[in-house]
Structures are given as C-alpha cells and as structure tokens.
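Novice: Numbering (this note's numbering), first residue to last: 88 to 428. Ideal placement from N, C-alpha and C gives every residue a C-beta, glycine not left out.
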Amino acid sequence: MAGGDLTSALLKSVSRSFYLSLAVLPAAVRPAIGLAYLLARAADTIADTKLIDRRERITHLLALHGELDVASPGRVEAIVDALRSAQSLAAERALLERLPECLEGYRALLAEDRQRVHRVLETIIEGMTEDLARFPGEDEGGLAALETRAELDRYTYLVAGCVGEFWTEVHVAHRPRLRHWDLQKMTALGVRFGKALQLTNVLRDIPRDLRQGRCYLPRQDLALLGLEPKDLLDPKAGRALRPLLVELLNLALDHYEAGWQYTFAIPKRETRMRLACAWPLLIGLRTLDLLAQAPNWLDPKVVLKVPRIRVYGMMAQSVATVWSTRALSRKARQLRERIRL
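This is the structure in structure tokens:
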C-alpha cells in the first residue's frame, strides 16, 4: 500500500474528524502532517495501554522516540508484540501493527519535513512520559494532581501547543502564499491555538480523568477554594469548584481568540488551510458551550460531546463562508458571547 493510501486508511479508522481535516488540506502538506498524527496517535496508544506497567510504557515510548533517529532491527517489533494483544479497539491494534509502515513513511519524507516531524513528536513524547511519571495510579485510589497553573500551561504546550508550531512550519515551507508571514508571531498564535483545543479537552474530561487517577486542575488553585483533588470525586463539590472552572474556561476562550487570529491571517485563496483551521475551532467552541451550559461539570454521568450531525452541519456551513474573514469573525464572536460566563 502506498504511503498516502496507508495514511488515509489508518486515519479513517482512528480519527474520522482529523481525517476530514487532513483530506481538505493541500496535497503538499498532507504527508508530513498525516504521518506526524499517526505516530503521535501510536504514542498515545502506548501511553494509555493500562494492561502494561507504566514503567514499561515509558520504555516503549522512549523506544519509539529512538526509532525516529535510527532504525533498530527488532525494536519496533518488540513494541508491537508487547502492546498489540492489550488493545480492545481494533483500530488501535491495527495502528500498532502498521507502525513499521508508518515509520517507513516517516523516513521517506523530505529531509526538512522529517526534521519537523521529529521535533514535534519528541515534544509530544516528552509530555506523555512526564504524564506517566506524574500520575502513578490508574484509578481514583491513586489520584495525583498538577501543582501549579504553570504546570498546566506546560502540559497543554507539550501535548498540543507544539502542534501549532509544527503546523505553521510545514505550511510556510510548502505554501508560497505564506512566505510573507511573520513566522515568530504566527508560531506564537499557533501554539495558543493548540493550547485552546487541549484546555477544552482538560475541562471536558475532568470527571473521567479523576477516576483514572489524574487531576489536571492545579492543587494550588484548588487550595484557594478550600478544596483538595480527592474532594472533586464527589459531584457535590461542583458548586465550590465553579469559580476555577469559569476562570479556566475564559482562559480557553482567550486562546481561541488567538486561534481565530491565526485563521484570519491565512490568505483567502488558501481556502483548504482556512477550513482545516476553522473546523477544530468551531467544534471546540461548541464543546465549551456545552460545558458552560452544564449544571455540574463534575457529574461523571454527563457526556459533553458535540453530536456528529452538528459537526457535519458546521463543516458544511463553513465551506460557504470560509473565504470571508468578516463572516468567520461574526460566527466566532457569536459563539464567544454565548459562552463567556
């Protein structure tokens, strides 16, 4: 199977929403971005395989990182053999089984693109290994927490903000219309774009993460409200926690504003890139809207997910307006005004 076909087939199975974003991108940037996503998703699968001891998962993540530098006979096969049978989802098992082909595709990239993929994956894997070391438990009995807001900001950078850097570098390298961009400014906006999406995930997944032993809400911020991480396991703590949640939601909105600035700076003729940026922003803001309307963010029974039909509707509507900065700006403003608490 050719590299493009491999990327397309695997993306369809592991992330339909990202597959749609990748499919709309210009052909020149798809190989690097698609392979970077698949390798990051493989790393995420390794990190989340709970049937494997955490120390072993870190070892396998570091082995995957090593493969980005030098191919070592048997190293990838050892990763696949150790983790394949522990996957309950067929798509993730298939991704691990095709990991050798993904790495072959990575090595076949242009040298500059390969270096960009290497840098972003190195950062993402660093974030994953830190996460595994920081949160030693697998359930609420081993609950641990970040200590400071700075640690939360670092986490959102390591696992998502760095993708904004990567995305910007790849597009500037391959799209002549972006050569006029102020790379430093646009990279900074791209980092905040990624942080917006990851902070949304943090806020949405609080109940689930708590029951998996992870509290991304900083202990110092909780202490100011008279709370400890273990208190959040009781949904009744939702009222006391709400001031911090509102503060973080508004921080996420500020990051989304940077994401829109990034999108508006894309030349109108780069319609595909504009769409690929507008879609995650619109979906993320809809998710924040669900959070803002939820009576209790700590209730584990509440599922906060934008319905697929709504996602497709937003995507279809945006196709007609993506060329208009005014129309996109108006939509972003409407969503922001609806959400801000």
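1. Should G121 be labelled buried (16 or more other beta-carbon atoms within 10 Å of its own) or exposed?
2. Could you give the C-beta distance for A150 and I139, rounded to a whole number, given that I count them as a contact under 8 angstroms?
3. What is the C-beta distance between R236 and P305, in whole angstroms, given that I count them as a contact (C-beta under 8 angstroms)?
4. Alpha carbon to alpha carbon, how far is L176 from S100?
5. Go through its chain and collect everything with a Cβ distance to A178's Cβ below 6 angstroms, but skip five positions before and after it.
6. Consult DSSP for A381 and reduce its assignment to one of helix, strand or coil.
7. Name the DSSP beta bridge partners of G302, please?
8. Less than 8 angstroms between the beta carbons of M273 and Y349, yes or no?
9. Alpha carbon to alpha carbon, how far is L320 from L284?
10. Considering only C-alpha positions, which residue in the set L196, A173 and E154 is nearest to L186?
11. Once the 5 residues before and after A232 are set aside, which same chain residues still bring their CB inside 6 angstroms of it?
12. Taking the alpha-carbon positions, what's the V250 to V204 distance?
13. Going by CA-CA distance only, name the one from D168, A115, Y399 and P223 that's closest to D200.
14. Rounded to whole angstroms, how far is the Cβ of P322 from the Cβ of D386, which I believe are closer than 8 angstroms?
15. Is Q307 helix, strand or coil by DSSP?
16. Just checking my contact of L314 with L328 at CB under 8 angstroms: how many whole Å lie between their CB atoms?
17. Hey, F280 and A345 are a contact pair by Cβ (cut 8 angstroms); roughly how many whole angstroms apart?
18. Do L391 and A381 have their beta-carbon atoms positioned less than 8 angstroms apart in this structure?
19. Taking T287 as the reference, which of L312, D341, D218 and T374 has the closest Cα?
20. Take R266 and list the residues in its own chain whose beta-carbon comes closer than 8 angstroms to its own, dropping the five residues that flank it on each side.
21. Less than 6 angstroms between C-beta atoms, sequence neighbours within five positions excluded: which residues of the same chain meet that for L377?
22. Count the other C-beta atoms from every protein chain shown that fall within 10 angstroms of the C-beta of Y242, then say buried if there are 16 or more, exposed otherwise.
23. In this structure, does DSSP put F222 in helix, strand or coil?
Specialist: For this structure:
1. Position 34 of the sequence shown, counting from 1, holds the residue named residue 121. The residue in question, G121, is buried, as its Cβ has 16 or more Cβ neighbours within 10 Å.
2. On the sequence shown, residue 150 is found 63 positions in, with the first residue counted as 1. On the sequence shown, residue 139 is found 52 positions in, with the first residue counted as 1. Their Cβ separation, rounded to whole angstroms, is 13 angstroms, which puts A150 and I139 out of contact at 8 angstroms.
3. Translated into the one-based positions of the sequence shown, residue 236 becomes position 149. Translated into the one-based positions of the sequence shown, residue 305 becomes position 218. Indeed they touch by this definition, with Cβ atoms about 5 angstroms apart.
4. Looking up residue 176 in the sequence shown gives position 89. Looking up residue 100 in the sequence shown gives position 13. Going by the C-alpha atoms only, they are around 10 angstroms apart.
5. For the purposes of this step, residue 178 is taken as residue 91 along the sequence shown, with counting starting at 1. Hits under 6 angstroms: S100 and V101.
6. One-based indexing of the sequence shown puts residue 381 at position 294. If DSSP states are grouped into helix, strand and coil, A381 belongs with coil.
7. For the purposes of this step, residue 302 is taken as the residue at position 215 of the sequence shown. Position check: residue 302 holds Cys in this sequence, whereas Gly was assumed. Its beta-bridge partners are A232.
8. Walking along the sequence shown from the start, residue 273 turns up at place 186. Walking along the sequence shown from the start, residue 349 turns up at place 262. Against a cut-off of 8 angstroms, the Cβ pair of Y349 and M273 comes out as a contact.
9. For the purposes of this step, residue 320 is taken as the residue at position 233 of the sequence shown. For the purposes of this step, residue 284 is taken as the residue at position 197 of the sequence shown. Spanning the two alpha carbons is a distance of roughly 24 angstroms.
10. Counted from its first residue, the sequence shown places residue 186 at position 99. Residue E154 is the option with its Cα nearest to L186.
11. Taking the first residue of the sequence shown as 1, we reach residue 232 at position 145. Correct list, in chain order: C302, R306 and P316.
12. Taking the sequence shown and counting its residues from 1, one reaches residue 250 at position 163. Taking the sequence shown and counting its residues from 1, one reaches residue 204 at position 117. Distance between the alpha carbons of V250 and V204: 10 angstroms.
13. Residue numbering aside, residue 200 sits at position 113 when the sequence shown is read from its first letter. Selected option, being the one with the closest Cα: A115.
14. For the purposes of this step, residue 322 is taken as residue 235 along the sequence shown, with counting starting at 1. For the purposes of this step, residue 386 is taken as residue 299 along the sequence shown, with counting starting at 1. Correct: roughly 5 angstroms between the Cβ atoms.
15. Taking the first residue of the sequence shown as 1, we reach residue 307 at position 220. Looking at Q307 - three-state DSSP - the assignment turns out to be helix.
16. As a first step, residue 314 is located in the sequence shown; it is residue number 227 there, counting from the start. As a first step, residue 328 is located in the sequence shown; it is residue number 241 there, counting from the start. Their Cβ separation, rounded to whole angstroms, is 6 angstroms, which keeps L314 and L328 in contact under 8 angstroms.
17. Reading the sequence shown from its first residue, position 193 is the one you call residue 280. Reading the sequence shown from its first residue, position 258 is the one you call residue 345. Contact holds; Cβ gap of about 6 angstroms.
18. Taking the sequence shown and counting its residues from 1, the one referred to as residue 381 is at position 294. Taking the sequence shown and counting its residues from 1, the one referred to as residue 391 is at position 304. A contact, by the Cβ cut-off of 8 angstroms.
19. Walking along the sequence shown from the start, residue 287 turns up at place 200. Looking at the Cα atoms, T374 is the closest of the given residues.
20. Counted from its first residue, the sequence shown places residue 266 at position 179. Only V259 meet the Cβ criterion.
21. Counting from one through the sequence shown, the residue named residue 377 turns up at place 290. Within the same chain, L377 has close Cβ partners L391.
22. In the sequence shown, residue 242 corresponds to position 155, counting from 1. Classification for Y242: buried.
23. As a working note, residue 222 is residue 135 in the sequence shown. Residue state, collapsed to three classes: coil.
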